[in-house]
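For the sequence shown, our numbering assigns the number 3 to the initial residue and increments by one for each residue that follows. Backbone N, C-alpha and C define an ideal beta-carbon position, used for all residues, glycine too.
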Amino acid sequence: MSQHNDPTGSWELPEEFRMLQETIRRFMREEVKPVEDKLPHDAYTPAPADLERLQKRARDVGLWCFETPGEHGGAGLNLLGQCIAAEETAKCRMGAYIAGCGAFGFDPPVVIWKGTEHQQRFARQDVKNGTKAFVAISEPSGGSDPGRSIQTRAVKKDGRYVINGTKIWISGAGMANWGIVFARVGDSKGREGITSFVVDKSRPGISLSKIPVIRSYAPYEVHFTDYEVPEEDRLGEEGKGFSFAEEWLIHARPPYAAATIGIAQAALELAKEWARERKAFGGPLSDKQAVQWMIANSEVELRAARLLVYQAAWNADMGRDIKVDASVAKLYGTETAGRVVDRCIQIFGGLGVACELPLERWYRELRIKRIGEGPSEVHRMVIARDLLGGRRSSTS
Numbered sequence: 003m004s005q006h007n008d009p010t011g012s013w014e015l016p017e018e019f020r021m022l023q024e025t026i027r028r029f030m031r032e033e034v035k036p037v038e039d040k041l042p043h044d045a046y047t048p049a050p051a052d053l054e055r056l057q058k059r060a061r062d063v064g065l066w067c068f069e070t071p072g073e074h075g076g077a078g079l080n081l082l083g084q085c086i087a088a089e090e091t092a093k094c095r096m097g098a099y100i101a102g103c104g105a106f107g108f109d110p111p112v113v114i115w116k117g118t119e120h121q122q123r124f125a126r127q128d129v130k131n132g133t134k135a136f137v138a139i140s141e142p143s144g145g146s147d148p149g150r151s152i153q154t155r156a157v158k159k160d161g162r163y164v165i166n167g168t169k170i171w172i173s174g175a176g177m178a179n180w181g182i183v184f185a186r187v188g189d190s191k192g193r194e195g196i197t198s199f200v201v202d203k204s205r206p207g208i209s210l211s212k213i214p215v216i217r218s219y220a221p222y223e224v225h226f227t228d229y230e231v232p233e234e235d236r237l238g239e240e241g242k243g244f245s246f247a248e249e250w251l252i253h254a255r256p257p258y259a260a261a262t263i264g265i266a267q268a269a270l271e272l273a274k275e276w277a278r279e280r281k282a283f284g285g286p287l288s289d290k291q292a293v294q295w296m297i298a299n300s301e302v303e304l305r306a307a308r309l310l311v312y313q314a315a316w317n318a319d320m321g322r323d324i325k326v327d328a329s330v331a332k333l334y335g336t337e338t339a340g341r342v343v344d345r346c347i348q349i350f351g352g353l354g355v356a357c358e359l360p361l362e363r364w365y366r367e368l369r370i371k372r373i374g375e376g377p378s379e380v381h382r383m384v385i386a387r388d389l390l391g392g393r394r395s396s397t398s
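Structure below.
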């Protein structure tokens, strides 16, 4: 963000990011919406021909894999740019989990670019083909405390690692060709025993089972039974995998929150239009104080949430530690989005929960957002530890 030359010290987005916003908004309006409008309410992918056409057009205008470095074929946006893109590309019915109906490609997990050329082979194919990967951290034993809860084991044997264990709640595993898996090597019970691996789904010893949830884009259990990984596909040093997981999670949180803000903003626009048009008790809903206050409160909270996301991203781009900032943004952004969509449904009344509108789908999927990428309670714990334990915050 750049600073105004005025005495208020207020902030504004750089011109290039305002242009990015407008370009994505136009693309969503002119390209994505007509495709999505033809799909069933709970669809999470367009027809293959439509997806191919959308992705080609997105590439043509430079809207491709926003997080991926330019040298690997992506847009190479910094974290603030990624948040701008995440908010705008989420403004469609399936946008909570499939941004822009998949038009903009799927970024490989950013930590893969720290790996070797050999390890990056799948990621380069994803960027080229518009396909995606998965990241497997959570297990039946727990997901919020991976340093201690990971029980999946990798045993080194004859120049390879043999993995046994189960991962759970793994989004995208069904669509992916590969992933990054975190497993325990050796006897350590803490984070220092965690190692990360690049896994190829075409190898024997891996199986998937879908987990039915309240969204159509279901996560998976991923089972490893004597699954063999060549030593050359160990990502980073043995026992150093937790730092990769932490880096990926922390820097994913501001864009994650930004996407929920985008959905809530889209819901608020629908509710404002409805309030102006709908007549009740002798006048439009927009004349009713109860409705006015729901809309006003929603606008105030969304502005605050957006600025918290921007702050976290800006600090990251300045090279600062954003562990706390990311938790603040994720916590407030996802909880605000849930409240806003809930209010919008209330304004619409019965129509708000009908499949004629995207609101009820957004309501279901935003409920998951308060759990994914760390539940609200864990982020409150992170923030409280910083405030009470003497750890310096990066909120300057």
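Task: For residue 377 and residue 219, the rounded distance between their alpha carbons - done: 19 angstroms
Task: Test item: CB-CB of residue 373 and residue 329 under 8 angstroms - done: no
TODO: Give the C-beta separation of residue 174 and residue 136 to the nearest angstrom, bearing in mind that I take them to be a contact with Cβ-Cβ under 8 angstroms.
DONE: 5 angstroms
Open item on the list: To test your reading of the DSSP string, which unbroken beta strand (DSSP E) runs of 3 or more residues are found completely within the segment 199-231?
Closed with: 208-212
Task: Local conformation of residue 285 per DSSP, three classes - done: strand
Task: Length of the line joining the Cα atoms of residue 92 and residue 189 - done: 43 angstroms
TODO: Identify, in the order they occur along the chain, each residue of the same chain with its Cβ nearer than 6 angstroms to the Cβ of residue 20, setting aside the five sequence neighbours on each side.
DONE: none
Task: Under the three-state DSSP convention, the category residue 187 falls into - done: coil
Open item on the list: If I follow the unbroken alpha helix (DSSP H) through residue 76, where does it start and stop?
Closed with: Per DSSP, residue 76 belongs to no alpha helix (DSSP H) and is neither H nor E.
Open item on the list: Check this for me: beta carbons of residue 109 and residue 70, under 8 angstroms apart or not?
Closed with: yes
TODO: Within 10 angstroms of the Cβ of residue 94, are there 16 or more other Cβ atoms? Answer buried if so, exposed if not.
DONE: buried
- [ ] For residue 381, count neighbouring C-beta atoms within 10 Å of its own C-beta (all shown protein chains included) and say buried if the count is 16 or more, exposed if not.
- [x] buried
Task: Span of the alpha helix (DSSP H) around residue 124 - done: 123-131
Open item on the list: Taking the beta strand (DSSP E) that residue 250 belongs to, which residues open and close that run?
Closed with: No beta strand (DSSP E) contains residue 250, which is instead part of the alpha helix (DSSP H) from 243-279.
TODO: Assess, as a yes-or-no matter, whether the segment 109-126 is touched by the segment 143-154 under the definition of 3 or more beta carbon pairs within less than 8 angstroms.
DONE: no
Task: Outcome for residue 29 when other beta-carbon atoms lying within 10 angstroms are tallied against a minimum of 16 - done: buried
TODO: If I'm right that residue 335 touches residue 315 with Cβ under 8 angstroms, what's the distance once you round it to whole angstroms?
DONE: Contact doesn't hold; Cβ gap of about 12 angstroms is too wide.
Open item on the list: I'd like the span of the alpha helix (DSSP H) that includes residue 163, first residue to last.
Closed with: That residue, residue 163, is in no alpha helix (DSSP H); its beta strand (DSSP E) goes 162-172.
TODO: Provide the residue(s) that pair with residue 138 in DSSP beta bridges, ordered along the chain.
DONE: 183
Open item on the list: Quick check: the Cα distance between residue 6 and residue 15, rounded to an integer number of angstroms?
Closed with: Reliability fails at residue 6, whose pLDDT of 44 lies under 50, so the model's placement of it is uncertain and the value that follows must be treated cautiously. C-alpha separation (whole angstroms): 10 angstroms.
- [ ] Sort 325, 256, 186 and 362 by Cα distance to residue 87 and report the nearest one.
- [x] 256
Open item on the list: Contact defined as beta carbons within less than 8 angstroms: I believe residue 346 pairs with residue 273. What is the distance between those atoms, to the nearest angstrom?
Closed with: 4 angstroms
TODO: Would you tell me roughly how many angstroms separate the C-alpha atoms of residue 326 and residue 281, rounded to the nearest one?
DONE: 46 angstroms
Open item on the list: Using a Cβ-Cβ cutoff of less than 6 angstroms, which residues in the same chain neighbour residue 183 once the five nearest sequence positions on both sides are dropped?
Closed with: 138, 199 and 201
Open item on the list: In the DSSP assignment, the beta strand (DSSP E) including residue 2 goes from what residue to what residue?
Closed with: Since the first residue shown for the chain is 3 and the last is 398, residue 2 is missing from the structure and cannot be characterised.
Open item on the list: What would DSSP say about residue 156, mapped onto helix, strand or coil?
Closed with: strand
Open item on the list: Using 8 angstroms as the threshold, is the C-beta distance between residue 304 and residue 338 below it?
Closed with: yes
Open item on the list: With three or more C-beta pairs closer than 8 angstroms as the rule, is the segment 340-356 touching the segment 285-296?
Closed with: yes
Task: Continuous alpha helix (DSSP H) stretch holding residue 144: start and end - done: Element bounds for residue 144: n/a, residue is neither H nor E.
Open item on the list: Rounded to the nearest angstrom, what separates residue 59 and residue 66 at their Cα positions?
Closed with: 10 angstroms
Open item on the list: Per the DSSP calculation, residue 196 is bridged to which residue(s)?
Closed with: 186
Task: Inter-residue Cα distance where the pair is residue 143 and residue 369 - done: 22 angstroms
- [ ] Could you tell me if the beta carbon of residue 104 falls within a distance shorter than 7 angstroms of some heavy atom in the ligand FAD?
- [x] Absent from the structure shown: the ligand FAD. Ligands present: none.
Open item on the list: Buried or exposed for residue 54, going by 16 or more other Cβ atoms inside 10 Å?
Closed with: exposed
Task: For residue 158, the nearest candidate out of 228, 224 and 106 (CA to CA) - done: 228
Open item on the list: Starting from residue 60, trace the alpha helix (DSSP H) in both directions and tell me its first and last residue.
Closed with: 50-62
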